[in-house]
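These notes are about the structure you will find just below.
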Amino acid sequence: MSTAGDAPKRRGKAPAGERVADWADGRLGIYSLAKANMRKIFPDHWSFMLGEICLYTFIIIILTGVYLTLFFNPSMAEVEYHGAYVPMQGVHMSQAYATTLDISFDVRGGLLVRQIHHWAALMFLVGMFVHMMRVFFTGAFRKPREINWLFGFLLLVLGMFTGFTGYSLPDDLLSGTGVRFMEGAVLSVPVVGTYLAFFLFGGEFPGTEIIPRFFVAHVLLLPGIMLGLVVAHLILVFYHKHTQFAGPGRTEKNVVGMPLLPVYMAKAGGFFFLVFGVISVIAATFTINPIWVLGPYRPDQVSTNAQPDWYMGFSEGLIRAMPAWEMVLPGGYTLNLGVAIPLVIIFPLVLTSIAVYPFIESWITGDKREHHILDRPRNAPTRTAFGAAWISLYFLLLVGGGNDLWATHFHLSINAITWFVRIGFFVVPVVVFIITKRICLGLQRRDREKVLHGRESGIIKRLPHGEFVEVHEPLSQEQLHTLTAHEQYKPLEIGPETDENGVRRKIGPVQKLRARLSRGYYGEGNQVAKPTAEEFKELTSGHSHGH
Amino acid sequence: MKKLSARRRHPLAALVVLLFALAATGGLYAAFAPADEAKADTSAASSQSLAIEEGEKLYATGCSSCHGTGGQGTSDGPTLVGVGAAAVDFQVGTGRMPAQSPGAQAPKKPQVYTQAQIDQLAAYVASLGPGPSIPTEEQYDPAGADSAAGGELFRTNCAQCHNFTGEGGALTNGKYAPSLDGVSDKHIYEAMLTGPQNMPVFPDSVLPEEEKREIIAYVNDVQGEDEKSPGGFKLGGFGPVAEGMFAWTIVLALLIGVAVWVAARTAKARKS
Amino acid sequence: MSSHTGSHDVPDENLPEGRESTHGEAATRAQNPFADPGLPPHEPRVQDIDERAAKRSERTVALLFTVSILATIGFIASYVIFPIDQYVFIWPLGEISALNFSLGMTLGIALFCIGAGAVHWGRTLMSDHELIGERHPIEADEPTRTQVLADFSQGAKESQLGRRKLIRNTMFGALAVVPLSGVVLLRDLGPLPEDKLRHTAWERGKLLVNQNTDEPLRPEDITVGSLVFAKPEGLEEGTHEFMAEIAKAAVMLVRLEPKDIKDKQELDWSHEGIVAYSRICTHVGCPVTLYEQQTHHVLCPCHQSTFDLADGARVIFGPAGHPLPQLRISVNEDGYLEAQGDFAEPVGPSFWERG
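Chains as they are written, first to last, in the numbering used here: chain A, 1 to 547; chain B, 548 to 819; chain C, 820 to 1174.
Following this line, the structure appears as structure tokens:
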């Protein structure tokens, strides 16, 4: 691109690379694409790299997953094991379990690849969760990025199910227990549950079909959809250009940072290798899902510590905390609400509540503008409190899903922990909501003080009349700007019930709800007014007299 | 512990006779002894009675306050008539007895008595009523036993409470199945034989001696000194919960640490 | 403001002032103390002004890349040198596979060093001038919008879709119906349930076989406090049939004192206090086998449903909706335990047609 200036000279003796590029441009039009993107600006912030962790672990999972399919046989045919692992010699097991043992003990490096695959899968889900929280708490989901938020959400949900199907493939005792759980959950679906279960399993549990079918879903169907969504997600990130935090020179109409070529390429490309390297070292030193000690699945065997991988843990917590509730309807039909309510109703509800949040917030604010400057979490107290409450619920259910381990490690009664989760399900999110909001308002107040009175310098000064005061250093222009850059909405007013002529105005209940929510977000006591220029000038002029 | 039946010459025969008798008389219920017979001690009668005497003294000071002066049991402790020497060797040998404080269950502790004293206590308790005797080494020595078969048995009979590799697990209301880490072969055998506290009994009629040895061989393969963990540190062997915690803490911290370094601005000349 | 549609139902005064009003104009700074001072001037790094420091960075990057090359050689060497079954003790990890450890560490170092080299290069030697990119509103401008909408109406009009309702309706009909072929094809995914969930392998006269020894059980084998797992006779391990049948037929046997049995039917269906219960949890089907011999409670490790075996396997805690089904047993003339029939109700998790 730099030689564009001397174009006439180029024709005869262009370097080879340039000729290849010209050839490609003539067929693919790469130069126009590169013009828009090669020097694309990306802002630098560590939290903007969380999404990259997801992307890179996804690539690692695909690379290692392809390798694993070369050796794995997703068949439930019964065989007697005669491989290298002694404590399984002569044990009856499915082909799927036997070939997973072979990958671990007969294929050199197979164990490493399996462990990289599984650790990367856990980190993929952790990364998506943390990335989603970053986007949530900074308000990066606002217009124009709502659709990308939904893409990301779909990736999280699909990732959960891809993980679940993959975890089930080795047909070991732990994952088989999970599959049995799934069968029970499907059976609990009213009216069609029994048919669904028979179609899914190709007959009665366990049958011979579920592992081959999960295999197709795990290596083809789900990752295929996810790959498409990942590409769409990235295209939108490029198209929208990245958000940035408020700061000097950063506005809604620009993006400040480093160009894709070369700095971002080096950093992002390098980060891929760093992530891959860290996960390889973890896979070399920490074992994950040692299926050889779990044994092959048998429907009459079980082990304690029967849990799914962490991303399914909150559904496990829901099902453990739910009290029994089963009824027989007239006509002899059983409604198993003890399973159906947590899995068919609450599980999707917990996930959907966070997915639709951007639309709820934009409905409350009525704001149809684009937002590219990120919020600091403290400056959106109600949103931050909602997010914290959601996380607290999620993690409470994770605790509930591992209640047996909490019981043994902290010498508690498993029944007491279950009761704690049952009550906490209703109490903890509310308490966390209130506390988080208080903290946010406190931080807003502190920012306001800092802007108006300067930073506490820690220097104590004695005034002529003997009084001791702490010297406050005034903030720099950059800091003043950054601390006051956030927007503050005014609460929505629906006005008086009657208009000036005394006629009742029509105000629908939806509009009233919206006004109430708006007050809850932006009304008195729900945000701290940021300092105005007048307040600041008045105080600073007073100060300068004092000094 | 239930009240145990009276003496008999041959264990199985006596048990069969007793059971038929019970069935015939329509459920006059005494109690049942573990199928394992208290084997006649071959040592000299005099040394045996001396051991019982010594054991009785130890019992009177250390055990009688809970289990009663004649081992008949009180509200604080079950009867010891018929529990057998194996139960004493297990309970006192693993430090569970004497119990320190009331609780959901007596935990494993450093043992209070020497092995000689435990043998004397065991001899005394065995004299109260017949029960399983302390196993000999050839009964519990796992050398040469098929550990793969033991694994199958372990997953059928033991893993539901003690976890895949014997890490232990939770039971109801604060009770728990303890970890098998560091438990000696003899004590594992005795536990299966006597069913300490809430653990079920696995008598030889249900789980023959040979199969108990196979189970011990398997436990030694996956837990304890000979254990191998090819994939690396095993994170306690608790399965996905521990793995998830590790992913959320250590691995996430490492990746974020790297991300902070990648995204940070390089030091400016003026400041350095 | 980027929005040309604006807000129809919210008066604009509810929206906060746009940031554009404070956008780095020097003139406004006097009036507005919070005005954007603009991007601070670029400050050079050590590497920008000191060639020796730059050289040092270059050497570090090159060193990292070299270490990566060496680590890859180490990876290949480990693959060749270490047999797959060799174990090493590495504190504090334990007795681990030498091959897994060496391959993973060398691969990790090789990858990490490439990444570290690239990032160090990017951070210390590539230009660190912050650049400003302009943003443009996503929404199209008004002429484009009008044009597109007009084009669309014209296209729609030319297709005559709106005018020729018959075509429109039959087309929607055809498109709505055609996916049914795909749904129909799914029918053979599995057989219909019929009454398969209602029957197990148990039937009158079938012996209860000890799963540990494969021998039929006699009452005297089962002592108070013991726990025995049984399967119906004739079921051989290592086959599909075994997996399918044991998933429903697995039972556990315990002996209780008849006086401790609180449930009358339980007592009737027992033999001398020996009771046989389904091992498949009525919640979602895990084997419930955590038997506490002193309390007679049995706990499910999956979701902590707790059943009282001395009281008809009543649910005393947890999410299970109904008791474990009991298998009626007695003794045959040879003195072996046998089933008196199949379970009286379906075993395992409940389902819609269970009743």
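By construction, the Cβ of each residue, glycine as well, lies at the ideal position given by its N, Cα and C atoms.
Computed from a predicted structure; not experimentally measured.
- The segment 112-128 of chain A and the segment 274-284 of chain A touch, with no fewer than 3 CB-CB distances between them shorter than 8 Å.
- Note: A:Lys461 is bridge-paired with A:Val469 in the DSSP secondary-structure output.
- Taking 8 Å as the threshold, the shortest C-beta distance from B:Tyr765 to chain A falls below it.
- Residues of the segment 890-918 of chain C with a C-beta atom less than 8 Å from some C-beta of chain B are Tyr906, Pro911, Leu912, Gly913, Glu914, Ile915, Ser916, listed in chain order.
- In terms of Cα proximity to C:Asp1007, the closest of A:Pro190, A:Phe199, A:Ser353 is A:Phe199.
- Exposure of A:Tyr239 is indicated by the presence of fewer than 16 other C-beta atoms within 10 angstroms of its C-beta.
- With 16 or more other Cβ atoms from the protein chains shown falling within 10 Å of its own Cβ, A:Val399 counts as buried.
- Among the residues of chain B, none has a CB under 8 Å from the CB of A:Gln244; the nearest is roughly 13 Å distant.
- Scanning chain B for C-beta atoms nearer than 9 Å to the C-beta of A:Thr138 yields nothing, as the closest lies near 15 Å away.
- Counting other Cβ atoms within 10 Å of its Cβ, A:His481 reaches 16 or more and is therefore classed as buried.
- Those residues of the segment 953-980 of chain C placed with their C-beta closer than 9 Å to a C-beta in chain A are Glu953, Arg954, His955, Pro956, Ile957, Glu958, ordered along the chain.
- A direct Cα-Cα distance of roughly 7 Å separates A:Ile373 from A:Thr251.
- The three-state secondary structure of C:Ile903, taken from DSSP, is coil.
- Between C:Glu862 and B:Lys815, the C-beta gap is smaller than 8 Å, which places the two residues in contact.
- With 16 or more neighbouring CB atoms inside 10 Å of its own CB, C:Lys1025 falls in the buried class.
- In the structure shown, C:Pro859 falls within a coil segment according to DSSP collapsed to helix, strand and coil.
- Taking a contact to require three or more Cβ pairs closer than 8 Å, the segment 1116-1123 of chain C and the segment 710-725 of chain B qualify as touching.
- Contact between the segment 329-348 of chain A and the segment 186-200 of chain A is present, with at least three C-beta pairs closer than 8 Å.
- Close partners of B:Lys656 in chain A (Cβ separation under 8 Å) are lacking, with about 14 Å as the shortest Cβ gap.
- In this structure, the straight-line span from the alpha carbon of A:Val356 to that of A:Gly152 is close to 12 Å.
- Cys708, Gly716, Leu718, Thr719: these are the residues of the segment 708-720 of chain B whose beta carbon lies less than 8 Å from some beta carbon of chain C, given in chain order.
- By the neighbour-count definition (other C-beta atoms within 10 Å, threshold 16), A:Trp149 is a buried residue.
- Under the rule that a run must span 4 or more residues, the alpha helix (DSSP H) segments found entirely inside the segment 392-423 of chain A read 403-409.
- Between A:Leu68 and A:Ile103, the gap from beta carbon to beta carbon is short of 8 Å.
- Boundaries of the alpha helix (DSSP H) around A:Gly520: 509-522.
- For the segment 666-696 of chain B, the residues whose beta carbon sits under 7 Å from a beta carbon of chain A are, in order, Ser694, Ala695.
- When beta bridges are read from the DSSP output, A:Asn254 appears opposite C:Glu953.
- Interface with chain C (8 Å Cβ-Cβ cutoff): A:Asn148 is excluded.
- Taking the Cα of C:Pro1138 as reference, the smallest distance to any Cα among C:Thr1019, C:Cys1105, C:Trp1021 is reached at C:Cys1105.
- Each of A:Tyr167, A:Gly466, A:Glu470, A:His453 was checked against the Cα of A:Ile460, and the nearest Cα belongs to A:Glu470.
- Pairwise C-beta distances place the segment 428-440 of chain A in contact with the segment 384-393 of chain A, as three or more of them are shorter than 8 Å.
- In this chain, the alpha helix (DSSP H) harbouring B:Lys759 covers 756-769.
- Taking each of A:Tyr31, A:Met133, A:His45 in turn and checking the Cα distance to A:Ser392, the smallest one comes out for A:Met133.
- Counted as a single uninterrupted DSSP element, the alpha helix (DSSP H) harbouring B:His709 occupies residues 706-709.
- Per DSSP, reduced to three states, the secondary structure at C:Gln966 is helical.
- B:Tyr723 sits in a strand when the DSSP states are folded into three classes.
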